[in-house]
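Encoded as structure tokens, the structure appears first; notes follow it.
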Amino acid sequence: KTDSKLSINGTEFVTDDYTNVTPKILSYLNRNLHLDKGNPLSMVRQRIVNYFYSSFTHRGSPDFSVYDNLSPIVSTKQNFDDLLIPLDHPSRVKSDCYYVNRSTLLRAHMTAHQSELLRSGLDNFLMIGPVYRRDEIDSTHFPIFHQVDAVRSQRRDQLFPKNEDLELFEPTFDPTKPHTFTNSISDPTKQSCHTLEATKLIEHQLKDHLLGLIKVLFGDIKYRWVDAYFPFTHPSWELEIYYNNNWLEVLGCGVVRNEILAKAGPNNSIAYAFGLGLERLAMALYKIPDIRLMWSNDSGFLSQFQNKDLNAKITYKPVSVYPQCTNDISFWLPGHLSIDTFMSNDFYDLVRDVGGDIVEQVKLKDKFEHPKSKKHSLCYSIVYRHLERTLTQAEVNRVHKEIETAAISAFNVVIR
Ligand code: PHE
């Protein structure tokens, strides 16, 4: 029997009865929307990173390091076992994950990298990237979405700098021998190894830091904390924000299970962790009605975000679903006008006047000065789109011609 192989990003994987990644999903693998400058997801990512960089520093250096380019191909150990997710947990099922084979999958959450980064010696870090879950495709679901996950760990002297007598751990727990203790989570308020004081203070910090972020992003917004369960944190919560007459879950968080921390990282620390969804935040923040728009290459969508100030208040204006049609117009300016004295805005107004509602955008594409005649030439791209129907090229050409004629008489230009 010869094994089938699947090549992903130059690595060969043996396939088996678990393999269910599709060529379509694999074609998105190196897309990394969260790193695309001018994509709303990337803008929210930058704002989150800026918040953590500027809010938490030590002697001028940020506490958090950022990992936003980790490979999405992970082992079941990374995605599940290291995080104490039991073998029979529903999140492991084939119908919910994209498996490469029985032991390898496209990560279903960014928490998959938590243990390896702790093991590498980090205390405070952000993990940012796409995650993959099999799901329906509708206005709020897409099989790939983006998460920002984080861990913040503190030693006793960092959590209680002024209180020599407060402890992270119960006296019955010896942090140097975590295996001799059964760390129970039957008490809803804390893990049995932790003191109530340490748990309450870390809970307070966690909620305070996350609400600080939500405030930076949304200003005043209605929110609520909901008790939650994750195998890798205890206690755990979800934060919901009130948006569009609905409670929208935007993040999960909690106190990292000490088993994970002690195994992969320091055994004398307590940590919080959270994971938030960039799509949900971006959709609420910019009022983007459909998650698929994040993947759009349509300039009618992207131009609403590109070259905008990160903190500008942007409200997405729906663009038509009918296709765009782009025609260029190039002209020589009359001798007395240069690139600097020609008023582009006058030209934009003329285009709007003649073209009307079917003009979606006008962009300066090229400018050029003739070396001999010293005459200046400009080229603009005009993007046409009808809101209710598909435009024919002939129709667009007719309007485009009218714009040329109007430009000739208004500005004395010579069409090239
Ligand atoms: N990984 C969780 C999810 O994808 C979110 C989470 C991260 C919860 C870290 C708690 C701590 O839903």
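Numbered continuously in my numbering, the sequence shown closes out at residue 1779. Quick reminder that beta carbons are idealized off the backbone N, C-alpha and C, glycines included. None of these values were measured; they are calculated from a predicted model.
Distances from the CB of Gly1628 to the heavy atoms of the ligand PHE are all 6 Å or more. In the three-state DSSP reduction, Gln1477 falls in the helix class (H, G or I).
With respect to Tyr1414, Tyr1461 sits apart: the two C-beta atoms are not nearer than 7 Å. By DSSP's assignment, Gln1687 forms no beta bridge with any residue. The DSSP-derived three-state label of Asp1498 is coil. Distance from the CA atom of Phe1710 to the CA atom of Pro1493, rounded to whole angstroms, is 42 Å. For Lys1726, the enclosing beta strand (DSSP E) starts and ends at Val1722 to Glu1732. Judged by their CB atoms, Leu1696 and His1739 are nearer to each other than the 7 Å cut-off. Rounded to the nearest whole angstrom, the C-alpha separation of Arg1715 and Leu1396 is 32 Å. Under the DSSP definition of a beta bridge, Asp1712 lacks any partner. Nearest neighbour of Asp1512 by Cα position, chosen from Ser1547, Ile1411 and Lys1540, turns out to be Ile1411. Looking at the backbone, the Cα of His1699 and that of Leu1398 are separated by about 45 Å.
Under DSSP, the beta-bridge partners assigned to Thr1467 are Ser1438 and Asn1464. Under the three-state reduction of DSSP, Lys1563 is assigned to helix. Take Leu1469, set aside five residues on each side of it, and the residues of its chain with a beta-carbon closer than 6 Å to its own are Pro1435, Tyr1461 and Tyr1495, in chain order. By the Cβ criterion, the region 1530–1549 is not in contact with the region 1602–1611, since fewer than three pairs of Cβ atoms, one from each stretch, lie closer than 8 Å. The alpha helix (DSSP H) runs of length 4 or more contained entirely in the region 1641–1679 are, from start to end of the chain, 1641–1649 and 1662–1665. Rounded to the nearest angstrom, the gap between the Cα atoms of Asp1537 and Asn1487 is 24 Å. Spatial neighbours of His1509 in its own chain (CB-CB distance under 6 Å, excluding positions within 5 residues in sequence) are listed in chain order as His1397, Leu1404, Pro1493 and Leu1641. The DSSP-derived three-state label of Tyr1416 is helix. Three or more beta-carbon pairs drawn from the region 1435–1455 and the region 1584–1601 are found closer than 8 Å, and the two stretches are therefore classed as touching. Contact between Ile1702 and Leu1750 fails: their C-beta atoms lie close to 33 Å from each other, not under 8 Å. The beta-carbon separation of Ser1744 and Asp1691, rounded to 5 Å, stays under the 8 Å limit for a contact. Sequence-distant partners of Val1514 (beyond 5 residues in either direction) whose C-beta falls short of 8 Å from its own C-beta, in its chain, are Gln1477, Leu1480, Leu1481, Leu1485, Asp1486, Asn1487, Phe1488, Val1619, Ala1634, Tyr1635 and Ala1636. When rounded, the separation of the alpha-carbon atoms in Gln1409 and Ala1769 is 44 Å. Here Phe1668 has Gly1401, Asn1402, Pro1403, Met1406, Tyr1649 and Ile1677 as same chain residues with Cβ atoms under 8 Å from its own Cβ, once five neighbours each way along the sequence are excluded. The beta carbon of Thr1374 sits closer than 8 Å to the beta carbons of Ile1436 from its chain, once the five residues preceding and following it are set aside; these are given in chain order. Taken in chain order, the whole beta strand (DSSP E) runs of length 3 or more contained in the region 1508–1546 number zero. Burial state of Tyr1605 is exposed, judged by a 10 Å Cβ sphere holding fewer than 16 other Cβ atoms. Lys1368: not part of any alpha helix (DSSP H); member of the beta strand (DSSP E) spanning Lys1368 to Ile1371, first to last residue. Residue pairing for Tyr1635: DSSP places it in a beta bridge opposite Arg1515 and Val1618. The three-state secondary structure of Pro1453, taken from DSSP, is helix. The beta carbon of His1763 lies closer than 6 Å to those of Asn1690 in the same chain, with the five residues before and after it left out. In this structure, the C-beta of Ala1634 stays at least 6 Å away from each heavy atom of the ligand PHE. Counting only residues of its own chain and dropping the five nearest sequence neighbours on each side, Phe1731 has a CB closer than 6 Å to the CB of Ser1740.
Judged by DSSP in its simplified three-state form, Thr1374 adopts strand.
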